[in-house]
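Asker:
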Amino acid sequence: MKITLPVKSKDEIKDGKRILVYGEKEFELDMSLNCQMRWESKFPEQAAKEDLISYTQRIHTLLETKKDLNKLTAPFIISMFKTIYCYFDTDLTFMQFLKLFDFSSVEHTEQLINKMKEVFDVVSSEASEKN
Numbered sequence: 012m013k014i015t016l017p018v019k020s021k022d023e024i025k026d027g028k029r030i031l032v033y034g035e036k037e038f039e040l041d042m043s044l045n046c047q048m049r050w051e052s053k054f055p056e057q058a059a060k061e062d063l064i065s066y067t068q069r070i071h072t073l074l075e076t077k078k079d080l081n082k083l084t085a086p087f088i089i090s091m092f093k094t095i096y097c098y099f100d101t102d103l104t105f106m107q108f109l110k111l112f113d114f115s116s117v118e119h120t121e122q123l124i125n126k127m128k129e130v131f132d133v134v135s136s137e138a139s140e141k142n
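The opening residue of the sequence shown carries number 12 in our numbering; numbering runs sequentially from there.
#1: Closest Cβ-Cβ distance between Glu-35 and chain C: below 9 Å?
#2: If you measure between the beta carbons of Ser-115 and His-71, is that distance less than 9 Å?
#3: Measuring CA to CA, which of Met-106, Thr-67, Ile-30 and Asp-102 is closest to Met-9?
#4: Using DSSP with H/G/I as helix, E/B as strand and the rest coil, what is Ser-116?
#5: How big is the Cα-Cα spacing for Cys-97 and Leu-73?
#6: What are the start and end residues of the alpha helix (DSSP H) that includes Ser-43?
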């Protein structure tokens, strides 16, 4: 399954002004055991405490209770990214993955958070069906 997220495609300073251009990047959603393996290898401290499915469901439940998605805290957003990153079959490191996204524009941030919420909805519904 392919998932498209809004990313920054150009970010530079030209003539003293920031030029920021947004685009989209397609990711392959991987719901196999590979996602758990990525979780364990990329985030071993968290993986020692809980498996990826449990972590995903916990983050998704918290996300569902948030009334204003624009007021999500940075640690919560990073937790969302960690989760989603493990479900994507990508060669990017987690830091490279994070650098794709920009939070300086409210409109772009809203689009990104809403797309991430969609990913959580899909992943959580698939996980529920398997359990």
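For glycine and all other residues, C-beta sits at the position ideal for the given N, C-alpha and C.
Answerer: Once the coordinates are examined:
#1: Here there is only one protein chain, and chain C is not present.
#2: As a first step, residue 115 must be located in the sequence shown, where it is residue number 104. As a first step, residue 71 must be located in the sequence shown, where it is residue number 60. Against a cut-off of 9 Å, the Cβ pair of His-71 and Ser-115 comes out as no contact.
#3: The requested residue 9 does not occur in the structure, where the chain is confined to residues 12 to 142.
#4: Here residue 116 is taken as the residue at index 105 of the sequence shown, counted from 1. Of the three classes helix, strand and coil, the one that applies to Ser-116 here is coil, per DSSP.
#5: To locate residue 97, count along the sequence shown from 1; it is residue 86. To locate residue 73, count along the sequence shown from 1; it is residue 62. So the alpha carbons of these two residues sit roughly 19 Å apart.
#6: If you number the sequence shown from 1, residue 43 lands on position 32. First-last for Ser-43: undefined, no H or E at that position.
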